[in-house]
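Here's the structure, in structure tokens; my notes come after.
Protein chains: 2
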Amino acid sequence: METRAATPSLEQYLREHIPLSAAMEVSVVSARPDGVTLSAPLAPNLNHRSTAFGGSVNALATLAGWSIVHLRVRGSGHVARTVIQEGSTSYLRPIHAAFEATVLPIEEDRWERFLRMLVKKGRARIDIPVRVTSAGEEVATFRGRFVVLMGEG
Amino acid sequence: METRAATPSLEQYLREHIPLSAAMEVSVVSARPDGVTLSAPLAPNLNHRSTAFGGSVNALATLAGWSIVHLRVRGSGHVARTVIQEGSTSYLRPIHAAFEATVLPIEEDRWERFLRMLVKKGRARIDIPVRVTSAGEEVATFRGRFVVLMGEG
Numbered sequence: 011m012e013t014r015a016a017t018p019s020l021e022q023y024l025r026e027h028i029p030l031s032a033a034m035e036v037s038v039v040s041a042r043p044d045g046v047t048l049s050a051p052l053a054p055n056l057n058h059r060s061t062a063f064g065g066s067v068n069a070l071a072t073l074a075g076w077s078i079v080h081l082r083v084r085g086s087g088h089v090a091r092t093v094i095q096e097g098s099t100s101y102l103r104p105i106h107a108a109f110e111a112t113v114l115p116i117e118e119d120r121w122e123r124f125l126r127m128l129v130k131k132g133r134a135r136i137d138i139p140v141r142v143t144s145a146g147e148e149v150a151t152f153r154g155r156f157v158v159l160m161g162e163g
Numbered sequence: 011m012e013t014r015a016a017t018p019s020l021e022q023y024l025r026e027h028i029p030l031s032a033a034m035e036v037s038v039v040s041a042r043p044d045g046v047t048l049s050a051p052l053a054p055n056l057n058h059r060s061t062a063f064g065g066s067v068n069a070l071a072t073l074a075g076w077s078i079v080h081l082r083v084r085g086s087g088h089v090a091r092t093v094i095q096e097g098s099t100s101y102l103r104p105i106h107a108a109f110e111a112t113v114l115p116i117e118e119d120r121w122e123r124f125l126r127m128l129v130k131k132g133r134a135r136i137d138i139p140v141r142v143t144s145a146g147e148e149v150a151t152f153r154g155r156f157v158v159l160m161g162e163g
């Protein structure tokens, strides 16, 4: 039920506030505080080799990482701003079809420490691992460090 | 003169072959085998905070890195394919205006070793450092590892 509630609103939010996500035709496959998967079709994200452009792959993974931190923080009742501090992508193989970015499981302990730090210091950071797949195969991995600052919506 | 010759064709090439670069409104400020600067306006690259989206920043830097490798290899008379293997971006501060990605100087020795390896092995890789600036200030740094494979245009 949470998925149904969160999915359209996150997709609408991304497309309205981040024009590149509309240009990439990003859709939200699932969006819950314990897991986010975003998807993008190949056509608007092509490169010169008719495979997916690395910039699009990284952008989809960045949006997935941002989304789960945003949903976690909002789900905890906090008003805060989430920004990316660092992001690294390994491109494993050419992508010939639509691709999906899925946030990998993060231990509840880590979320709890992160939220405690946020409340205590007004600022906390967390590393989010993301796997990108296409046609059932792992095609890229991403790791993003996100910083959350309290009180800035 | 090389700049004049290379600039329009690279911009046209990027926009025609990589739709996201058109959506981002990427323009080529300069494009020579010894230096590439690409620029993007803020509007199509906004995030939810009305600053530049990290995915756009990384994508512009990726395109700058790809472009210099492409120009170097082509300028050496080789027919080869350039792909990104890894990319890392550090986001230093919010970006409130148009932003530029400039490839940092790379020693001629490194280019020579890279091209020798490409001829010898049919495959070579090189790390390309890129600085992103906006309104005269450094706003992000990027490092990309590109792999070039001979004979695939």
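If you read the protein sequences in the order shown, they are chains A and B.
Residues in the first sequence are numbered consecutively from 11, following our numbering.
Residues in the second sequence are numbered consecutively from 11, following our numbering.
C-beta atoms are modelled at their ideal positions from N, C-alpha and C, and glycine is treated no differently.
Check: Same chain, Cβ closer than 6 Å to T112/A, neighbours up to 5 away in sequence not counted; Outcome: T47 and R141
Check: Residue nearest to Q95/A in terms of C-alpha spacing, selected from T99/B, S37/B, A41/B and V83/B; Outcome: T99/B
Check: Per-residue contacts from A33/B into chain A (C-beta, under 7 Å); Outcome: L30 and A33
Check: Three CB pairs or more closer than 8 Å across the segment 66 to 76 of chain B and the segment 25 to 38 of chain B; Outcome: yes
Check: C-alpha gap between T13/A and G45/A, whole angstroms; Outcome: Reliability fails at T13/A, whose pLDDT of 44 lies under 50, so the model's placement of it is uncertain and no value is given.
Check: Residue nearest to F156/B in terms of C-alpha spacing, selected from E147/B, L125/B and S144/B; Outcome: L125/B
Check: Terminal residues of the alpha helix (DSSP H) in which D119/B lies; Outcome: E118 to K131
Check: Within chain B, the residues that A69/A reaches when beta carbons sit closer than 9 Å; Outcome: L30, F63, G64, G65, S66, N68 and A69
Check: From V158/B, S19/B and V38/B, residue whose alpha carbon lies closest to that of F109/B; Outcome: V38/B
Check: Within 8 Å, strictly: CB atoms of G85/B and P43/B; Outcome: yes
Check: G161/A, DSSP secondary structure in three states; Outcome: coil
Check: Span separating the alpha-carbon of R25/A from that of A134/A; Outcome: 27 Å
Check: Distance, K130/A Cα to H58/A Cα; Outcome: 48 Å
Check: Closer than 8 Å to chain B by CB, I105/A; Outcome: no
Check: For G146/A, the first and last residue of its enclosing beta strand (DSSP E); Outcome: No beta strand (DSSP E) holds G146/A; DSSP gives it neither H nor E.
Check: Neighbour list for P54/A in chain B, Cβ cutoff strictly below 8 Å; Outcome: P29, L30 and A33
Check: Cα-Cα separation between S60/A and H106/A, rounded to whole angstroms; Outcome: 7 Å
Check: Cβ separation of I136/A and R120/A, assumed to be a contact under 8 Å, to the nearest whole Å; Outcome: 7 Å
Check: Neighbourhood of A74/B by C-beta, 6 Å cutoff - its chain only, sequence neighbours within 5 removed; Outcome: V46, L48, A111, V113 and V140
Check: Residue-level contact to chain A via CB, H58/B, 8 Å cutoff; Outcome: yes
Check: Euclidean distance between Cα positions of S77/B and G87/B; Outcome: 15 Å
Check: Residues, ordered as in the chain, of the segment 77 to 99 of chain A that lie near chain B by beta-carbon distance below 8 Å; Outcome: R91, V93, I94, Q95, E96, G97, S98 and T99
Check: For E12/A, three-class secondary structure by DSSP; Outcome: The predicted model places E12/A with a pLDDT of 42, which falls under 50 and marks its position as unreliable, so this point remains unresolved.
Check: Backbone secondary structure at L73/A - three-state DSSP; Outcome: helix
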